[in-house]
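In this note's numbering, the protein residues as written are 378 to 947.
We treat Cβ as the ideally placed atom computed from N, Cα and C, and that holds for glycine.
Owing to the predicted nature of the structure, the values given are computational and were not obtained by experimental measurement.
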Amino acid sequence: MTQPGFPPMELIRKSKYLLVSLTLTHALTISTVAAAADLIISNAQIYTVNQSQPEAQAVVVADGKIVFVGDNKQALAWASSETEVIDADGMMLLPGFIDTHNHVFEGASEVGGNCLLSPVKTLRDQRPELQACKNGIKKQGEWLIGYGHQLDALWGDSQNLNPREHLDKWFPDNPVVIMEESSHSMLVNSLALEKAGIDTNSEHPQGGRIMFAQDGQSNGVLFDNAGDIVMALAWNSLSNNFQVSYDGLLAGMDEAVSYGITTIGDGRLYWQRGWYEVWQQALKNDAINVRTSLRPWIYPDIPLDQQLDYLRGIVSLDKDNLLVVDQVKMYIDGVIHFGTAKVLKPYQWSWQLDLPYGLNYVSPKALPGFLSSLDEIGFGAHVHAIGDAGVRETLDAIEQARERGSKQIYSMTHLEMIHLDDIDRFQSLKVHADFQAGAAYFVDTGWASFYVGRKRAKRMLAMREVFNTGANVTFSSDWTVNSINPLVAIANSVRLKNSKGLPNIQAAIQAATINGARALGLESVTGSIETGKSADFVLLDRNIVKAKPSQIESASVIMTILQGEKVFVH
Ligand SMILES: [Zn+2]
């Protein structure tokens, strides 16, 4: 998760969609074709994202796979009494959308949602919110986990704010950790610090920063990995976290499929919090309705060799499986708004006065060795890189991997600052470039001027420049940071005329489908509508190729189909 400064998505969203029956015609034509068709979608405007057959009217599905793409008449010849025939009534059928970076596991979970702060108020003004959190405490000593504030707003104009002291007054008997809405900082009270062993003598952990007050004690603000360490303690203390996480995962997946998403690249799997077991349970229960590339998190403060055994045990390369595990998630740096993204030239203003260039989660010296060790056990990597130094360090490490002969898939996400000299390296090193084109911070980068100056802010998020080199550009939502709706990213990239947008709607649809499949190593399985691929579709109420951007983003998903099964019906 990444960005700040915009109204948060609702933390908890439950699926609330009514099932409205479509006109289903059970054709009784005797089939002249041998194989049994399970499903035929006819009378559609099919946009296949397959260059050798760009458009079609109908598609035939058997055993979850596409067996025919072509005209209505030939498709209907496959029908038998067992075949379900959907008359699409001229609506648009596309390959299911692929969201290459989505926190579907955390997105709808109530684990972090029992204490909600306001993103626009100072801490002093959050009396009603804090009172509600206090009322939610069931027993003395249990962890209180919250979410939702924004650090800039929290500080407001109160000069001498010490969040730790403030929280101590409200919560003297319970350890408290509250995640900032971008997830890159946490507020904690004294009890939480004590449990995490953070005191006046503590060093900053790898990839994190403790903010100290003048008296030498933490003021209760922990940046990046310093906060993650405390959150992990809190999470693991909860007795019901398995069930709550499980329910959250199902709700998150339901949200995704309601927007036509059939494949997800997982934002991060905190395997030390038991999340992998939750996914496995969902798989066992046949409850997974979105194909997912699970990405185990690389903990920056734990030596890699202590993580490799676990990772070796969960690698899963079967591409026909709904869960694939062959990419890790790691951060090279933090975020611009906290001064933790690693930059080539100093920040103009930063929360970290003594860190003018930001910080590293994984050190650039260690990164080539990390990639090499991970490659040996079957893992590529999806790397969070935001500052221009962080981007360069990651590309340098991947360059070494390629020189060694590594064929692994490497993708980089966020990519807010890319030095001009590094633009063409995505193409030459075969690094997939992932952008959150649906985000408000993507459209207008003015917010960054305060931190990095106007000139650098203006050059940010140069998606088009990377695209023009021939690199594989993908879209992702980073939900819940931004809208989960892939149509917003498609609309924005068509709307933007500057260095950020894509040349046309065709390129945008590719970024939301086949390009994502490539970045996940799934292009032989999904990402386009062609014979032999998985029957993963989204049916839209209108043809977005001919629509204006505003009409693109207001299009409705009528149906989402994964492996030939309806996983969402509007
Ligand atoms: Zn993320």
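Run the proximity test for residue i: is its beta-carbon closer than 7 Å to any non-hydrogen atom belonging to ligand 2?
i: H809; result: For the structure depicted, ligand 2 is absent and the ligand set comprises only ligand 1.
Check residue i in the structure and name its three-state DSSP category.
i: D773; result: helix
i: I886; result: helix
i: F715; result: helix
i: H581; result: coil
i: A475; result: For the sequence presented, residue 475 should be read as Ile rather than Ala. DSSP places I475 in strand when its eight states are reduced to three.
i: Q804; result: helix
i: I606; result: helix
i: G893; result: helix
i: L564; result: strand
i: D601; result: strand
i: V705; result: strand
i: S750; result: helix
i: I861; result: coil
i: V438; result: strand
i: E942; result: strand
i: R650; result: helix
i: N869; result: helix
i: T409; result: Interpretation of T409 is limited by its pLDDT of 45, a score under 50 that renders its predicted location unreliable; no figure is taken from the coordinates.
i: A845; result: In the sequence as displayed, the identity of residue 845 is Asn instead of Ala. Correct three-state label for N845: helix.
i: L917; result: strand
i: R836; result: coil
i: A368; result: Residue numbering for the chain in the displayed model covers 378 to 947; residue 368 lies beyond these limits and cannot be assessed.
Please say whether residue j and residue i have beta carbons closer to each other than 8 Å?
i: E571; j: G525; result: no
i: T822; j: L838; result: yes
i: T890; j: F445; result: no
i: V705; j: S693; result: no
i: A433; j: A465; result: no
i: K587; j: L568; result: Checking the displayed sequence, the identity of residue 587 turns out to be Ile instead of Lys. Against a cut-off of 8 Å, the Cβ pair of L568 and I587 comes out as no contact.
i: S901; j: T477; result: no
i: Q583; j: P733; result: no
i: T639; j: V607; result: no
i: A456; j: A439; result: no
i: L873; j: V820; result: yes
i: G473; j: F914; result: yes
i: V829; j: M789; result: no
i: G597; j: N566; result: yes
i: G941; j: L416; result: yes
i: G629; j: A485; result: yes
Around the Cβ of residue i, are there at least 16 other Cβ atoms within 10 angstroms (buried) or fewer (exposed)?
i: I795; result: buried
i: G711; result: buried
i: W726; result: exposed
i: R895; result: buried
i: D798; result: exposed
i: R833; result: buried
i: A912; result: buried
i: I679; result: exposed
i: H683; result: Strictly speaking, residue 683 in this sequence is Gln, with His absent from that position. Under this definition Q683 is an exposed residue.
i: Q517; result: exposed
i: Q887; result: buried
i: P505; result: exposed
i: T877; result: The amino acid at residue 877 is misidentified as Thr; the sequence shows Lys. Burial call: buried.
Using alpha carbons as the reference points, say which of the options lies closest to residue i.
i: I675; options: G523, L744, D464; result: L744
i: K498; options: K874, A530, F482, Q451; result: A530
i: P496; options: G523, H480, N512; result: G523
i: P552; options: N479, S614, V720; result: S614
i: A611; options: I638, I938, R650; result: R650
i: E770; options: V720, W726, A884, L685; result: V720
i: E842; options: T639, V554, G637, Q804; result: Q804
i: M563; options: G533, S853, L521, N537; result: L521
i: A814; options: S860, R779, Q594, L626; result: S860
i: D977; options: F715, K546, M630; result: For the chain, the structure presents residues 378 to 947; residue 977 sits outside this window and is missing.
i: K515; options: H543, D550, E542, N537; result: D550
i: A590; options: L538, D502, S870; result: L538
i: Y647; options: P472, A439, D605; result: D605
i: Q527; options: M556, P505, L507, F548; result: M556
i: N737; options: G585, Y828, K807, V934; result: G585
i: V481; options: I775, V634, V565; result: V634
i: F619; options: N875, G637, W656; result: W656
i: S670; options: A603, I786, P741; result: I786
i: L544; options: C510, G574, A573, T577; result: C510
i: I929; options: L917, F827, S458; result: L917
i: I754; options: H809, L685, N449; result: L685
i: V739; options: Q729, S749, I709; result: I709
i: I949; options: L681, R689, G690, Y623; result: Any answer about residue 949 is impossible in this case: the structure gives the chain only from 378 up to 947.
i: I691; options: K661, L699, A884, P673; result: P673
i: I357; options: W728, S826, V808, G764; result: Here the chain covers residues 378 to 947 and nothing more, so residue 357 does not appear.
Quick check on residue i - is its C-beta less than 8 Å from some C-beta in chain D?
i: F715; result: Of the chains in the structure shown, none is chain D; there is only one protein chain.
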